[in-house]
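The next block holds one structure in the form of structure tokens; read it before the comments.
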Amino acid sequence: MSVCWQIIFFLLAFSAHDFVHAQDSSCCHHAAEFSPCREACNQLPTIKSESRLKHLLQRLPSYCPESMSELWICINSTLPGASRKSDSWVGLGCCELAISVDCRRECKLASSKNDITKVCKKDSEKPLYSCISKNEMGSGCCSYAGRHTNCREYCQAIFRTDSSPSVSQIKTLKEYCQSISPQLISCVGNYTKSYPIKSPVDSLFCCDRAEDAHCQSACRRILRTLTTEQEIIDALISECDRQPLPQDPLWQCFLGSAHSPRISDPDPPSTGRTDCAKLHCCSKANTSLCREMCQEISTNWGSQTWQEFDQLCEYNPVEADLVTCLADVREPCQLGCKDLTYCTNFNNRPTELFRSCNTQSDQGAMNDIKLWSNGTIRMPFMNIPVLDIRKCRPEMWKAVACALQIKPCYSKSRGSIICRSDCVDILTQCGDRRRFQEGQTPERICDLLSPTDDPERCIPLERYLRPSLLGGVMEEVIHPCNPNPCLSNQLCEVNRKGCQPGQDCLPYLCVPGCKLCEASEFLVHTEARIQVPTRGGQPGCHELCVCGQSGRLESCSEMPCVDTSKTCTVGAQRRNHGTSFMMGCQLCSCFSGDVLCSKRQCLTADSLEEEHRRFTGLPCGCADQFVPVCAQNGRTYPSACVARCMGLHDNQFGFGSCRDRDPCSRNPCPKGQRCVPNRRVCLTSFAEYPCKQYDCLSNSFTCDKSQLDPVCDTAGVEHANLCLLYQRGKTPAYMGHCQEACGTPWPVCGQNGETYNTVCEAYSDRVAVDYHGRCQAVGAVSEYTPDSGCNAVHCPPLPSKDCNPITPPGACCPLCAGMLRILWNAGQMNIFAKLNHNLPVTIHDILRILRLHVSVPQCDVFGYLSIDSEIVVLVVPVDQQPTPLQIEACSKEAEKIDSLINYGSPTLMSHVPASAFLASEVNVSTLSSSGLPARGAVSHHLVLGLLLTVILTLGTA
Numbered sequence: 001m002s003v004c005w006q007i008i009f010f011l012l013a014f015s016a017h018d019f020v021h022a023q024d025s026s027c028c029h030h031a032a033e034f035s036p037c038r039e040a041c042n043q044l045p046t047i048k049s050e051s052r053l054k055h056l057l058q059r060l061p062s063y064c065p066e067s068m069s070e071l072w073i074c075i076n077s078t079l080p081g082a083s084r085k086s087d088s089w090v091g092l093g094c095c096e097l098a099i100s101v102d103c104r105r106e107c108k109l110a111s112s113k114n115d116i117t118k119v120c121k122k123d124s125e126k127p128l129y130s131c132i133s134k135n136e137m138g139s140g141c142c143s144y145a146g147r148h149t150n151c152r153e154y155c156q157a158i159f160r161t162d163s164s165p166s167v168s169q170i171k172t173l174k175e176y177c178q179s180i181s182p183q184l185i186s187c188v189g190n191y192t193k194s195y196p197i198k199s200p201v202d203s204l205f206c207c208d209r210a211e212d213a214h215c216q217s218a219c220r221r222i223l224r225t226l227t228t229e230q231e232i233i234d235a236l237i238s239e240c241d242r243q244p245l246p247q248d249p250l251w252q253c254f255l256g257s258a259h260s261p262r263i264s265d266p267d268p269p270s271t272g273r274t275d276c277a278k279l280h281c282c283s284k285a286n287t288s289l290c291r292e293m294c295q296e297i298s299t300n301w302g303s304q305t306w307q308e309f310d311q312l313c314e315y316n317p318v319e320a321d322l323v324t325c326l327a328d329v330r331e332p333c334q335l336g337c338k339d340l341t342y343c344t345n346f347n348n349r350p351t352e353l354f355r356s357c358n359t360q361s362d363q364g365a366m367n368d369i370k371l372w373s374n375g376t377i378r379m380p381f382m383n384i385p386v387l388d389i390r391k392c393r394p395e396m397w398k399a400v401a402c403a404l405q406i407k408p409c410y411s412k413s414r415g416s417i418i419c420r421s422d423c424v425d426i427l428t429q430c431g432d433r434r435r436f437q438e439g440q441t442p443e444r445i446c447d448l449l450s451p452t453d454d455p456e457r458c459i460p461l462e463r464y465l466r467p468s469l470l471g472g473v474m475e476e477v478i479h480p481c482n483p484n485p486c487l488s489n490q491l492c493e494v495n496r497k498g499c500q501p502g503q504d505c506l507p508y509l510c511v512p513g514c515k516l517c518e519a520s521e522f523l524v525h526t527e528a529r530i531q532v533p534t535r536g537g538q539p540g541c542h543e544l545c546v547c548g549q550s551g552r553l554e555s556c557s558e559m560p561c562v563d564t565s566k567t568c569t570v571g572a573q574r575r576n577h578g579t580s581f582m583m584g585c586q587l588c589s590c591f592s593g594d595v596l597c598s599k600r601q602c603l604t605a606d607s608l609e610e611e612h613r614r615f616t617g618l619p620c621g622c623a624d625q626f627v628p629v630c631a632q633n634g635r636t637y638p639s640a641c642v643a644r645c646m647g648l649h650d651n652q653f654g655f656g657s658c659r660d661r662d663p664c665s666r667n668p669c670p671k672g673q674r675c676v677p678n679r680r681v682c683l684t685s686f687a688e689y690p691c692k693q694y695d696c697l698s699n700s701f702t703c704d705k706s707q708l709d710p711v712c713d714t715a716g717v718e719h720a721n722l723c724l725l726y727q728r729g730k731t732p733a734y735m736g737h738c739q740e741a742c743g744t745p746w747p748v749c750g751q752n753g754e755t756y757n758t759v760c761e762a763y764s765d766r767v768a769v770d771y772h773g774r775c776q777a778v779g780a781v782s783e784y785t786p787d788s789g790c791n792a793v794h795c796p797p798l799p800s801k802d803c804n805p806i807t808p809p810g811a812c813c814p815l816c817a818g819m820l821r822i823l824w825n826a827g828q829m830n831i832f833a834k835l836n837h838n839l840p841v842t843i844h845d846i847l848r849i850l851r852l853h854v855s856v857p858q859c860d861v862f863g864y865l866s867i868d869s870e871i872v873v874l875v876v877p878v879d880q881q882p883t884p885l886q887i888e889a890c891s892k893e894a895e896k897i898d899s900l901i902n903y904g905s906p907t908l909m910s911h912v913p914a915s916a917f918l919a920s921e922v923n924v925s926t927l928s929s930s931g932l933p934a935r936g937a938v939s940h941h942l943v944l945g946l947l948l949t950v951i952l953t954l955g956t957a
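One point on numbering: in UniProt numbering, the residue at position 236 of the sequence shown is 236, and numbering is uninterrupted.
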């Protein structure tokens, strides 16, 4: 165990107050002046927040390596210590199996199995060590799969911590991977020969389904200590004081898990094992053959059709959309890559997207090179003979292997193929033409493997023939969920709410989820509403389900089928269902034979001079006047003219801003209930699904004190959640931790045209600030910007001189951010409302889903309904002075979401109501080359920026 990590462990056990007084600041002189280590060290005694101190301490060795022995010895003379957690520690997901609290803590802080042996005794912590051994074996075995994703999937299923492999799984692995990697089969075989039958600890995840904390704790203790099923059931009945009823989430999960197939069980039937995430993708197939094979492998997990699919579809250029969709399900694109030991040129890239930046893929690239060194590259449908790659362009071959394993993905296609010119170049120089089959040439081979040179659709190898230019500034952007620190039945999400007193404040949360049908490894959040294809049904037929507390999709109801065979006629062209296109300046989409378009105001190059003269940039050519009206959908429009242009009748809006109205002034609630304002902007028909701006709460209700969703009341007092605030009879001011800056009302104008009392109130409504002061003008929604009332608005300065900003539609002031303008289907929104007990769909519902897809804590999601009825989403840096790298990261997050929408990826589009999205346009703040740091350069704001980010992200609801 390294000396510096021993110290860090002890420091983390201290409070911030203790550390300020204990740490000898003179130690910092051992670090070079103006170095990131010196900056970080000097910051430590100034931090008063324990959570922020812990966060920086965990990162300190990244700034001050162990080789700086004088610094660490100096600190050690004041504070001795112990251990750490490493992102690559394969036992991390096993730590919850530890029986001893001390062992569990040591496991989470460890970097290897050797670090835990003193505290975690093997004879008393058998479940923990069994899990670690399984993970170690799995990591090694599955790396032999090389770039064969499906083979790796079958291998990983053998080693899952929450399930035991069935005979069917082992058989499928052998039949599928035998020709790909005999080493993998041998490695797995050595393990499965002695694989134990299902252990009770495999059902530990079921304990989270218990309703009360005592039952959860007792459940974990029982499963770790008892062995027979009857003993466990009797103990659970006694401790949890309830009978094993099938509708109880705990018993439903436990009994279902306890009776899952074992090695000794007969081969289970193959029917009913559906992967709904992959099934979503099948409709994207361009050939009936690939569509049918996709449906077969998605509804019959383990089917041998995967082999045919690889040969006929995986490398078929016309099936690029299908293959990319399947890749999204298996390995979604995530920002950032670090800690690779073989593919080191892929490290330090915090603003690039990768599918598989992990130690297993790193090892897989090394194994690929070993296999290719034998002189043949084996593909599912061909073999490519090559010369000795250890002598012929070895660095180029390493870049190829690493690119195909780590899988960089780009904004437009997200595919993982190298560019054609690189493919032709390397095969021309290093292909063994004497062994080429008849008709084989580098060009023909590459036409199959790498058919494009479009830099947005292929991986340019030149980028990875040298290390990243960013070097030490990577910590300006962190990726707490990459690699995933959570268990296989949990989702990782950025912690934007902070922690309860006394808890470790980590930058991520592990939350329970549901698989998207039985055979899927793609998870969705508990209580999420999900749209899944009907099994065996026609294309366009879906069910709407809810992820229940049992960990399964439940309460499913059929939706009206959509006829996906209908096409749209646009001019002389026919457009297929689901395709998007431009008509003039309008973004349009074909939906079941209907053309649905945005309502933008257009000017073209050939517009008449008179049209230019009369153009205001507002809907219907309305005058540029700010006389706000509040509509029944909860949206404030800048004038009655604009409201009428959006289809509202005069009796459906009234003069004045929506936020200036008190929805509880007439007390619309029944007797015995309290009216509390709950302002929202609805996307559904308010005639059918009233857009109420209030909630009615019972005067007697109980609250969960452990639920953390902080809220500040009008007196500046913070409460753990809204329920507790209402229980205490207080009035909310804004969501999030109480901020001194928001203690005094200071009006700001939001980008939605609403005036808020404070910045915190605007952010609480998930609206970014346009300018300080009350709203007084409306900006153009067109790309043309004629003179308007915005000329009198004083805009705040941009945070970076190197940012080329964007201006959101209807707003006055530019900002540095990534922006989406989303076209959506109002009819689908109404269907979702009808199936959800007639509850309207709101802008907040949309932003809640999209926020989960932003994995960088330095960025957050804001948005509103524009005055021309588009959903505007902004991914904005949360730091008050964001660095260029953080601005670029937010722009990349926006591009990622835009791509998920336009390609219909089930990772986003299976979520309701996001599944009503038709198309998206993205506009991002570009950066001048001077804005990005050169290799080895260290940003002046490095440590300060990191600390501000932690403050803001953990203090924002």
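Positions of the beta carbon are idealized from the N, C-alpha and C atoms, including for glycine.
Just so we're clear, the structure is a prediction, and the values are computed from it rather than from any experiment.
Cα-Cα separation between residue i and residue j, rounded to whole angstroms
i: Phe653; j: Gln632; result: 6 Å
i: Glu352; j: Cys333; result: 9 Å
i: residue 968; j: Leu461; result: Since the displayed the chain opens at 1 and closes at 957, residue 968 lies outside it and no answer follows.
i: Lys730; j: Thr714; result: 8 Å
i: Leu587; j: Asn902; result: 12 Å
i: Leu722; j: Cys675; result: 14 Å
i: Lys705; j: Asp212; result: 12 Å
i: His649; j: Phe655; result: 13 Å
i: Cys563; j: Leu850; result: Per the sequence shown, residue 563 should be read as Asp rather than Cys. One C-alpha to the other measures close to 27 Å.
i: Ser800; j: Val876; result: 13 Å
i: Glu688; j: Pro668; result: 19 Å
Start and end residues, alpha helix (DSSP H) containing residue i
i: residue 982; result: Summary: the structure shown does not reach residue 982, with the chain confined to residues 1 through 957, and so no result is reported for it.
i: Arg220; result: Ala213 to Thr225
i: Arg242; result: Run containing Arg242: none; DSSP gives neither H nor E here.
Residue i, DSSP secondary structure in three states
i: Ser555; result: strand
i: Glu543; result: strand
i: Met829; result: helix
i: Ala399; result: helix
i: Arg84; result: At Arg84, the pLDDT of 37 sits below 50, so the modelled position is not reliable; the number obtained from the coordinates is stated separately. If DSSP states are grouped into helix, strand and coil, Arg84 belongs with coil.
i: Lys515; result: strand
i: Gln156; result: helix
i: Gly140; result: helix
i: His30; result: helix
i: Cys568; result: strand
i: Leu954; result: Annotation note: pLDDT 36 at Leu954 (below 50); position unreliable, no value reported.
Continuous beta strand (DSSP E) stretch holding residue i: start and end
i: Arg821; result: Gly818 to Trp824
i: Asn923; result: Phe917 to Val924
i: Met582; result: Ser580 to Met583
i: Asn383; result: Asn383 to Pro385
i: Leu596; result: Asp594 to Cys597
i: Gln673; result: Gln673 to Pro677
i: Tyr864; result: Cys859 to Leu865
i: Ser589; result: Gln586 to Phe591
i: Ile445; result: It is not in any beta strand (DSSP E) - Ile445 instead sits in the alpha helix (DSSP H) that spans Pro442 to Leu449.
Next on the checklist: If we require 3 or more residues per run, which beta strand (DSSP E) segments fall completely within the region 737-772?
Outcome noted: 748-750 and 769-772
Checklist entry - In chain order, which continuous runs of the alpha helix (DSSP H) of length 4 or greater are located wholly inside the UniProt domain "Kazal-like" (614-660)? => result Positions of the alpha helix (DSSP H) runs, each at least 4 residues long and wholly inside the UniProt domain "Kazal-like" (614-660), are given as 640-645 in order along the chain.
Checklist entry - For the UniProt domain "Kazal-like" (685-740), which segments carrying the beta strand (DSSP E) assignment without a break, of at least 3 residues, lie completely within its bounds, in sequence order? => result 694-698, 711-713 and 732-735
Next on the checklist: Assess contact between the region 888-901 and the region 811-818, defined as three or more Cβ pairs (one per stretch) separated by less than 8 Å. Is contact present?
Outcome noted: Between the region 888-901 and the region 811-818 there are three or more inter-stretch CB-CB distances shorter than 8 Å, so the stretches are counted as touching.
Next on the checklist: Three Cβ pairs or more, each shorter than 8 Å: is that satisfied between the region 734-750 and the region 771-782?
Outcome noted: yes
Next on the checklist: Does the region 402-409 come into contact with the region 343-362, if we say contact requires no fewer than three beta-carbon pairs (one atom in each stretch) closer than 8 Å?
Outcome noted: yes
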